[in-house]
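**Q**
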Amino acid sequence: MSTFFKLVRHEMKFPASSTSFIKKLMSLITFVVFLGLTIGIVLGLENGMGNFQYFNQTFNGIMFVAFGMGMGFINKEFQKNTASWWLTLPYSRELLYRAKFLSIMIYYLYVYLYSYLIIKASIITAITYTGKWSQFSLSDVFHNDLIFFLTSFLGAMLLGTYAICIMLFTKKFKAVSIILWIPFGLIAGFMMPNFLMEMVMPAANGESISIPIHLLIGSPILTTLLYIFGVHLLKKHTNL
Amino acid sequence: METRVVGSYRFILDFSQPIYEQLVQQFRQMLAKGEIELGSKLPSVRDFAVQMKINPSTVVRTYQELERDGLCEKRRGQGTFITSSASQVSELRKEIAEGALGSFVRTLQILGVTREEAQKMIAEVDWK
Amino acid sequence: MMNAAIRFHGVGKSFKKKSVLDNISFTVPRGEVYGILGENGAGKSTMLKMMANLCLPDQGEIEVLGQKPSWELYQKIAYLSDRAKWYSDYTVGEALQYGKSFYPDFQMERAEELVEFFKLDRKLLGKEMSKGQEARLQFLLCFSRDVELMLLDEPFSGIDLITREKMIELIIESISERELTLVITTHEIDEVEGLLNRVSFVKDTKIVVEGEVEELRLKSGSLKDLYRGVYA
């Protein structure tokens, strides 16, 4: 096995003794989310809202989880004081970051697929419960899933890559890294309002939505600040 | 001052003086006093250093110093051994005694004690 | 000069405009045990981090094993941070596997011997370890490697007596058996009094005394006396 995959496996290591606790927690969360979503969709369908696609849209939100997880994974090394073991492994920093990045993505994919299954199961349960299969077909339920998957998962990959680039090159290419933040902010700027609108106005019925200007400007700024903070965190710890 | 024991040897270390000099000194005294068996094997550098809690290079230096004075010899692949020559040891004994005598005489000379007075003093000393 | 394991030349460093090290120059000869003594916050850790390429100097130059610090050096050096902890999800046995997986110079047989030496239980998890056990495991991982240079940051601080004695024993054994350069920062003199070849005392961003320990003893007494003289 190559060093890279050994590193990834090391990053993916979960506490053996606390697995049962995590499982319990996961099943509790699953139950609550499943119940909540189902009740929500049932009520929505009963009130004649008809459109449940906005639930799919919430997947875009998970994309930001990836960013959080990335920073979390790295910060964990410092919080638990294992960073000196990690950073002094006899491999290039780039390889170490890449391995961490891949492990974050694998973990993220796991979270993603997990939430996907819950959401889909909630929708199917809700339709069955309200007896509205005459109004929806199975293809409605899975409508646009691939596109959502691509936008959110690939989007997260993109964000992660930006994060890695910034981490790796901040010292040498300070100016470049600022330029890197701008497109990232713009992407986030377009995604986030969508995401927020869907959350705030679920009854929009798929009609064109006007995006409030403060969200358009606010979200890239917020995301950029998050990134600067993340990079600052890493730099502060490693002084490199 | 700290006492440290290595096998059958007992050393007193004073960290305000060079350690290797103290070790050489104490080895010489033990040897002259007949506390060390002739031809016996010295502890390995490693064991000596570990038990004394000192740097092995200090032990190497000590052994080298003893070797230079002909008090021990290194045998290839076997370790370092105390000299088996009794004449070497009696010479050492004489050397130490002469050293002590020299400083004794100098002290008395400073005090203005004459040879005759000194001899009388020695004769009167309780030698036990 | 090939005989230098580490060379600092006019090294300076500040954090947030507060100077931590100022114009530091010294050389650590190969195969020696070098002590950096000083009180907490004197900049000892920063010096070690610089040797380990975890911190860059603002001024001056550093040379480690004949080259500029870089990640490639991690193949030849082991660094143990003063705050380092072992991964809480790894058992002792898994830690050995970790060593074998990631350090090409890891000596598995030696590691197995050291598990016995340190009386560690192979099934013990990182999070279940006492401070002493954790120190033993981290020492084991460093000393199972066949490195040229070892950097130990405050290895004895807050560690129980038995573990400290075992650590010292392991250090002395290791330097008896092979050429190994050791740099140790500490403010506990008792432990290292007999161990160090050379020493430097750091105070207020500067090295105030530097030299061979046996020579310093002749000039100014024990390291403890010197320490009192410098810091009292």
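Residue numbers (the UniProt record's numbering), protein chains in the order written: chain A, 1 to 240; chain B, 1 to 128; chain C, 1 to 232.
Heads up, the beta-carbon is just placed ideally off N, CA and C, and yes, glycines get one too.
Short check: CB of residue 12/B to CB of residue 194/C, under 8 Å?
**A** It is not a contact, given that the beta carbons lie outside the stated cut-off.
**Q** Which residue from 142/A, 108/A, 112/A, 137/A puts its Cα closest to that of residue 12/A?
**A** The shortest C-alpha separation from residue 12/A is found at 108/A.
**Q** Does residue 5/B pass the burial test, meaning 16 or more other C-beta atoms within 10 Å, or should it be called exposed?
**A** Label assigned to residue 5/B: exposed.
**Q** CB-CB under 8 Å to residue 158/C, same chain, minus the five flanking residues each way: which ones, in chain order?
**A** Correct list, in chain order: 131.
**Q** Use the C-beta contact count for residue 138/C: other C-beta atoms within 10 angstroms, 16 or more gives buried, fewer gives exposed.
**A** Buried: at least 16 other Cβ atoms inside 10 Å.
**Q** Under the criterion of a Cβ to heavy atom distance below 7 Å, does residue 27/A qualify as lining the ligand SAM?
**A** No copy of the ligand SAM occurs in the structure displayed, which carries no ligand at all.
**Q** Taking only beta-carbon positions, decide if residue 64/B is within less than 8 Å of chain C.
**A** No, no contact with chain C.
**Q** Should residue 68/B go down as buried or exposed, given a rule of 16 or more other Cβ atoms within 10 Å for buried?
**A** Classification for residue 68/B: exposed.
**Q** Can you tell me where the beta strand (DSSP E) with residue 72/B in it begins and where it stops?
**A** That run of the beta strand (DSSP E) goes 72-75.
**Q** Under 8 Å, do residue 228/C and residue 211/C count as touching if we go by C-beta distance?
**A** Taking 8 Å as the Cβ cut-off, residue 228/C and residue 211/C do not qualify as a contacting pair.
**Q** What is the DSSP secondary structure of residue 123/C, reduced to helix, strand or coil?
**A** Residue state, collapsed to three classes: coil.
**Q** Give the secondary structure of residue 136/A by DSSP, where H, G and I count as helix, E and B as strand, and everything else as coil.
**A** DSSP places residue 136/A in coil when its eight states are reduced to three.
**Q** Can you name the start and end residues of the alpha helix (DSSP H) that residue 213/C belongs to?
**A** Segment 213-220, the alpha helix (DSSP H) holding residue 213/C.
**Q** Which value, in whole angstroms, describes the spacing of the CA atoms of residue 18/C and residue 83/C?
**A** When rounded, the distance between both Cα atoms is 22 Å.
**Q** How many Å lie between residue 76/A and residue 83/A at the Cα?
**A** Approximately 8 Å, taken between the alpha carbons.
**Q** Pull out every residue of the region 196-208 of chain C whose Cβ sits closer than 8 Å to any Cβ of chain B, in chain order.
**A** The residues in question are 196, 197.
**Q** Please determine, among 30/B, 65/B, 99/B, 84/B, the residue with the shortest C-alpha to C-alpha distance to residue 39/B.
**A** Nearest C-alpha to residue 39/B: 84/B.
**Q** Thinking C-beta only, is residue 30/C closer than 8 Å to residue 52/C?
**A** No, they are not a contact pair.
**Q** List the whole-angstrom C-beta distance separating residue 244/C from residue 154/C, where the pair is believed to meet the contact cut-off of C-beta under 8 Å.
**A** Nothing about residue 244/C can be reported from this structure: the residues present for chain C run from 1 to 232 only.
**Q** Could you tell me whether any Cβ in chain A is nearer than 8 Å to the Cβ of residue 54/C?
**A** Chain A contact via Cβ: present.
**Q** Just confirm the distance between the C-beta atoms of residue 106/C and residue 70/C, as a whole number of angstroms; I'd bet it's less than 8 Å.
**A** Not confirmed; about 21 Å, so no contact.
**Q** At a CB distance below 7 Å, what residues from the region 106-139 of chain C approach chain A? Give them in sequence order.
**A** Cβ contacts with chain A: 125.
**Q** Check distances from the C-beta atoms of the region 216-231 of chain C to those of chain B and list, in chain order, the residues that come in under 9 Å.
**A** Listed by position, the residues of the region 216-231 of chain C near chain B (Cβ gap below 9 Å) are 217, 218, 220, 221, 222, 223, 224, 225.
**Q** Whose C-alpha, out of 78/B, 106/B, 115/B, 27/B, is nearest the C-alpha of residue 92/B?
**A** Residue 27/B is the option with its Cα nearest to residue 92/B.
**Q** Under 8 Å Cβ-Cβ, which residues of chain C neighbour residue 52/B?
**A** Under the 8 Å cutoff, chain C gives 194.
**Q** Between which two residues does the beta strand (DSSP E) harbouring residue 49/B extend?
**A** Careful: residue 49/B lies outside any beta strand (DSSP E), inside the alpha helix (DSSP H) at 45-52.
**Q** By alpha-carbon positions, which one of 79/C, 78/C, 86/C, 77/C ends up nearest to residue 80/A?
**A** It is 86/C.
**Q** Tell me, please, which residues DSSP counts as bridged to residue 3/B.
**A** BP columns for residue 3/B point to 12/B.
**Q** Would you say residue 313/C lies against chain B (beta-carbon separation less than 8 Å)?
**A** Residue 313/C lies beyond the residue range present for chain C, which begins at 1 and ends at 232; the question has no answer from this structure.
**Q** Residue 204/C: which of 231/C, 213/C, 165/C, 129/C sits nearest, CA to CA?
**A** Of the listed residues, the one whose Cα sits closest to residue 204/C is 231/C.
**Q** Should residue 85/C be flagged as near chain A, meaning a C-beta pair shorter than 8 Å?
**A** So yes, residue 85/C belongs to the interface.
**Q** Establish whether the CB of residue 18/B and some CB of chain C are separated by less than 8 Å.
**A** By this cut-off, residue 18/B is an interface position.
**Q** Buried or exposed: residue 119/C, going by 16 or more other Cβ atoms within 10 Å of its Cβ?
**A** It counts as exposed.
**Q** Going straight from the alpha carbon of residue 78/C to that of residue 99/B, what length do you get?
**A** In a straight line, the C-alpha of residue 78/C is about 50 Å away from that of residue 99/B.
**Q** Figure out for me which residue from 23/C, 10/C, 124/C has the closest Cα to the Cα of residue 91/C.
**A** Ranking the options by Cα distance to residue 91/C, first place goes to 124/C.
**Q** Figure out for me which residue from 76/B, 115/B, 105/B, 71/B has the closest Cα to the Cα of residue 30/B.
**A** The candidate whose alpha carbon is nearest that of residue 30/B is 71/B.
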